[in-house]
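K.L.:
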Amino acid sequence: NNIVILTEAGIFIFQLINDENLVSLSYYHMLTNIYENIGDYDGDKLIRGWVSYVQENKQKFLEHLPHLLKFTADAELTDEIYNYVKLNREDILKYGSTILKKAIKLQASNLIEKIYNECLDLFKKDLENNNAFLSIINKSMPSLDKHYPEYIARYSSDTNMIIDSPKYKIELLNTTHLYPFSNIGIVNLTPSIVWTKYTAQEEYSWWELIKPKPSPFVKTINREIYKTWNGEALINFKWNLYGSYYYYGIWLLFTALLACFTAASTYSEDIVSEGIRNPLLKATIVLGIIHLNFELRQIYYDPIKWFIDPWNYFDFGAYLVPTIASFYWLLTKDKPHFWLSISCLLLDFKFLLFFRAFELFGVYFVIVVSVAKKIASFLVILFIVLLSFAHAFWILLKPRKDYDLNTPPPEGNDDPNNPWELTDKYTQILDDGTNETYVQQPDKNTNMFTTYRTSLLSMYLYLTGDPNALPNWEYLDNPKLTILMVLFSLLIAVYLMNLLIGLLSNAIDEDNNRASYFMQKARILEEIELFYLFPNQRRWKTWFPDVIYYHANVEETRKEIQKLIQNESHTEKFSDMKEELRKI
1 NNIVILTEAG IFIFQLINDE NLVSLSYYHM LTNIYENIGD YDGDKLIRGW
51 VSYVQENKQK FLEHLPHLLK FTADAELTDE IYNYVKLNRE DILKYGSTIL
101 KKAIKLQASN LIEKIYNECL DLFKKDLENN NAFLSIINKS MPSLDKHYPE
151 YIARYSSDTN MIIDSPKYKI ELLNTTHLYP FSNIGIVNLT PSIVWTKYTA
201 QEEYSWWELI KPKPSPFVKT INREIYKTWN GEALINFKWN LYGSYYYYGI
251 WLLFTALLAC FTAASTYSED IVSEGIRNPL LKATIVLGII HLNFELRQIY
301 YDPIKWFIDP WNYFDFGAYL VPTIASFYWL LTKDKPHFWL SISCLLLDFK
351 FLLFFRAFEL FGVYFVIVVS VAKKIASFLV ILFIVLLSFA HAFWILLKPR
401 KDYDLNTPPP EGNDDPNNPW ELTDKYTQIL DDGTNETYVQ QPDKNTNMFT
451 TYRTSLLSMY LYLTGDPNAL PNWEYLDNPK LTILMVLFSL LIAVYLMNLL
501 IGLLSNAIDE DNNRASYFMQ KARILEEIEL FYLFPNQRRW KTWFPDVIYY
551 HANVEETRKE IQKLIQNESH TEKFSDMKEE LRKI
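For the sequence shown, full-length UniProt numbering assigns the number 1 to the initial residue and increments by one for each residue that follows.
1. In its own chain, which residues sit with a C-beta less than 8 Å from the C-beta of Ser140, not counting the 5 before and 5 after it?
2. From the DSSP output, in three-state form, read off Tyr550 for me.
3. Tell me the residue span of the alpha helix (DSSP H) that contains Val321.
4. How many Å lie between Asn536 and Leu525 at the Cα?
5. Does the contact criterion of 3 or more C-beta pairs under 8 Å hold for the stretch 373 to 384 versus the stretch 470 to 484?
6. How far does the beta strand (DSSP E) with Asn2 in it reach, from first residue to last?
7. Provide the residue(s) that pair with His29 in DSSP beta bridges, ordered along the chain.
8. From what residue to what residue does the alpha helix (DSSP H) around Met141 run?
9. Between which residues of its own chain and Trp339 is the CB-CB distance below 8 Å, once the five residues before and five after are set aside?
10. For the stretch 412 to 425 and the stretch 438 to 455, state whether three or more C-beta atom pairs, one from each stretch, are separated by less than 8 Å.
11. Give the secondary structure of Glu269 by DSSP, where H, G and I count as helix, E and B as strand, and everything else as coil.
12. Measure the beta-carbon distance from Thr228 to Pro142 and round it to whole angstroms, keeping in mind my assumption that it falls under 8 Å.
13. Out of Tyr267, Ala263 and Phe316, which has the shortest C-alpha to C-alpha gap to Ile289?
14. Just confirm the distance between the C-beta atoms of Leu360 and Asn278, as a whole number of angstroms; I'd bet it's less than 8 Å.
15. Tell me whether the stretch 344 to 360 and the stretch 257 to 276 touch, counting them as touching only if at least three CB pairs, one residue from each stretch, are closer than 8 Å.
16. Helix, strand or coil, according to DSSP, for Leu16 in the structure here?
17. Tell me whether Tyr403 sits in a helix, a strand or coil according to DSSP, three-state version.
18. For a test of the three-state rule: what should DSSP assign to Glu224, helix, strand or coil?
19. Which one of Ile548, Asn553 and Glu560 has the shortest CA to CA distance from Ala233?
20. Can you give me the Cβ contacts of Leu530 inside the same chain, cut-off strictly under 6 Å, excluding the 5 residues immediately before and after it?
21. Kindly examine the ligand SAH and report whether one of its heavy atoms sits closer than 7 Å to the Cβ of Pro409.
22. Excluding the 5 residues preceding and the 5 following Val187 in the sequence, name in chain order all residues of the same chain whose CB lies nearer than 6 Å to its CB.
23. Determine, using beta carbons only, whether Ile136 and Ile115 come nearer to each other than 8 Å.
24. How many angstroms separate the CA atom of Trp311 from the CA atom of Leu280?
25. Among Asn406, Leu500 and Leu397, which one has its Cα closest to the Cα of Ser485?
26. What is the DSSP secondary structure of Glu474, reduced to helix, strand or coil?
27. Mark Lys305 as exposed unless 16 or more other C-beta atoms lie within 10 angstroms of its C-beta, in which case mark it buried.
28. Tell me which same chain residues have a C-beta within less than 6 Å of the C-beta of Phe307, skipping the five on either side of it?
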């Protein structure tokens, strides 16, 4: 009673069920994507019939479950599959993550909520043995972060300061607060756990040196995670274990680049002769190419992500400009003074940026970037207003007749904006009582409103408080000029600039700078993991364990739990566990 059909899509075996007048699919093997070859084919209806037929055959059902989930586009059917799978805990562990990812893709919010609560409830029933159920959520963190970011905040809050054992023991330790480790046997203590799994797949290819595969940690850098102790402990773990060593190595290599180029470009030939300068420039080129290699790999890995990060521009400029300037200097023997000055400026800025990895300085780097993003649109408005006033002043104050800076205008010149009329005049009284007038020859700065570019520069200087921006006109004799100056002062210098100061203050107060700092540090660790670690290093269990534990100070724990209970982020999940911790 079987029918075998061979198509371009694959092999299908159907069974005829005479009693029920039903034709059911009992086996299939896909050769290509079915949807590419059968345009109007209702795959979900066929799969639903197959599921109903083999539901009693658990082995056959589970064997083909990944294929079913791959091709179905029916959220209701996916829900039915999960209801069948959840009857067995082992099946949930094996297929739960796949079903959750499918639910996210299908935007099946009810199923996502069901799986989320099921995983947390199963863990709560047996803290010591059921922590693997949380990995179902962890594996889907990147997808949740992209499509349902509210679950990241919720999960971070629910699992903040939870433990994997109901037994507690307080010991006097020499470790710092939130000191992380991966081996629970180090001390007789069961601390809190960071539940996000960061271990990548075991199999790897050396092609990953060019196009590395990101881990869930890399794909889920979410602010809500780093508002919690779990996120902070995670960053501390990675930084202490390998991040700091690689970071200091990168810093040392850059310092060598900075020292070589600075010595070659700054000191005179009396101190650094050509025989020393040329090797320094060659060393600059070699070191610059090494650093550029890592930057180019980052661009190839994710161009969009690279271009939206403002720090990357400083990095790329600090490596590229000194390298090109050194190469040009060696090739032409002509010292490019301007590019040397730009190179030194970029190198010094880049050296300063290395301090952003340390909390004492990093918080301020975070403030600079976050505030700049928030007021960017306001700065555009301010710039357009400045352009408008520069245009108005240029029309009013530009010379109305042709002039020559080397030749005084003829007698009877009535142009009040002619540079010869605006320049300083000196009168000398001679012995015979006559007066002799000397006129200082004007230059291009005598009237800054001869072109629109210089007019814009003049208005910017006036905005910054430079009194020499408009010094050459008599204000009482030029009421139109006075009106424009008053309008400019009131609108920009008084109103908009004070409004900008207020916006800056509000932006600083609104931002959680500590969480932003840990996000910034996470991106530094992301760069190290992807572009400085070898593929096999990213599979080391000691560096990327399934579970991370950390010590927590007792007093700080009580305070943190009290804060969680009082604010709105507190949830009912594991509330009894946190209450027990507070009583320690």
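Note that beta-carbon positions come from the ideal geometry of N, C-alpha and C, so glycine has one too.
P.N.:
Quick look at the numbers:
1. Your numbering for residue 140 matches position 140 in the sequence shown. Same-chain partners within the cutoff: Ser97, Leu100, Lys101 and Ile104.
2. For the purposes of this step, residue 550 is taken as the residue at position 550 of the sequence shown. In the three-state reduction of the DSSP assignment, Tyr550 falls in the strand class, which pools E and B.
3. On the sequence shown, position 321 is the one that residue 321 refers to. It spans Pro310 to Thr332 - the alpha helix (DSSP H) in which Val321 sits, taken as one unbroken run.
4. For the purposes of this step, residue 536 is taken as residue 536 along the sequence shown, with counting starting at 1. For the purposes of this step, residue 525 is taken as residue 525 along the sequence shown, with counting starting at 1. Approximately 17 Å, taken between the alpha carbons.
5. no
6. Mapped onto the sequence shown, residue 2 falls at position 2. Start and end: Asn2 to Leu6.
7. On the sequence shown, residue 29 is found 29 positions in, with the first residue counted as 1. Ile11.
8. Position 141 of the sequence shown holds residue 141. That run of the alpha helix (DSSP H) goes Met141 to His147.
9. Your numbering for residue 339 matches position 339 in the sequence shown. Cβ neighbours of Trp339 beyond the five flanking positions: Val321, Ile324, Ala325 and Tyr328.
10. yes
11. As a first step, residue 269 is located in the sequence shown; it is residue number 269 there, counting from the start. Looking at Glu269 - three-state DSSP - the assignment turns out to be coil, as it is neither helix nor strand.
12. Your numbering for residue 228 matches position 228 in the sequence shown. Your numbering for residue 142 matches position 142 in the sequence shown. Not a contact, Cβ separation roughly 18 Å.
13. As a working mapping, residue 289 is identified with position 289 in the sequence shown. Out of Tyr267, Ala263 and Phe316, Phe316 has the C-alpha closest to the C-alpha of Ile289.
14. Numbered from its first residue, the sequence shown carries residue 360 at position 360. Numbered from its first residue, the sequence shown carries residue 278 at position 278. So it is not a contact: roughly 40 Å between Cβ atoms.
15. yes
16. To locate residue 16, count along the sequence shown from 1; it is residue 16. Correct three-state label for Leu16: strand.
17. Position 403 of the sequence shown, counted from the first residue, corresponds to residue 403. DSSP places Tyr403 in coil when its eight states are reduced to three.
18. Residue numbering aside, residue 224 sits at position 224 when the sequence shown is read from its first letter. Reduced to three states, the DSSP call for Glu224 is coil.
19. Counting from one through the sequence shown, the residue named residue 233 turns up at place 233. Closest by alpha carbon: Ile548.
20. Counting from one through the sequence shown, the residue named residue 530 turns up at place 530. Hits under 6 Å: Pro212.
21. With respect to the ligand SAH, the structure shown offers nothing to examine, as it has no ligands at all.
22. The residue labelled residue 187 in the question sits at position 187 within the sequence shown. At Val187 the pLDDT is 33, less than 50, meaning the model places this residue with poor confidence and gives no usable figure here.
23. If you number the sequence shown from 1, residue 136 lands on position 136. If you number the sequence shown from 1, residue 115 lands on position 115. Yes, these two residues count as a Cβ contact at 8 Å.
24. Stepping through the sequence shown from its first residue, residue 311 is reached at position 311. Stepping through the sequence shown from its first residue, residue 280 is reached at position 280. Near 27 Å, if we compare the C-alpha coordinates of Leu280 and Trp311.
25. Position 485 of the sequence shown, counted from the first residue, corresponds to residue 485. Strictly speaking, residue 485 in this sequence is Met, with Ser absent from that position. Among Asn406, Leu500 and Leu397, the Cα nearest to that of Met485 belongs to Leu397.
26. Looking up residue 474 in the sequence shown gives position 474. In this structure, Glu474 counts as coil in the three-state DSSP scheme.
27. The residue labelled residue 305 in the question sits at position 305 within the sequence shown. Exposed, because fewer than 16 other Cβ atoms sit within 10 Å of the Cβ of Lys305.
28. Residue 307 sits at position 307 when you count from the first residue of the sequence shown. Counting only Cβ-Cβ distances below 6 Å, and skipping sequence neighbours, we find nothing.
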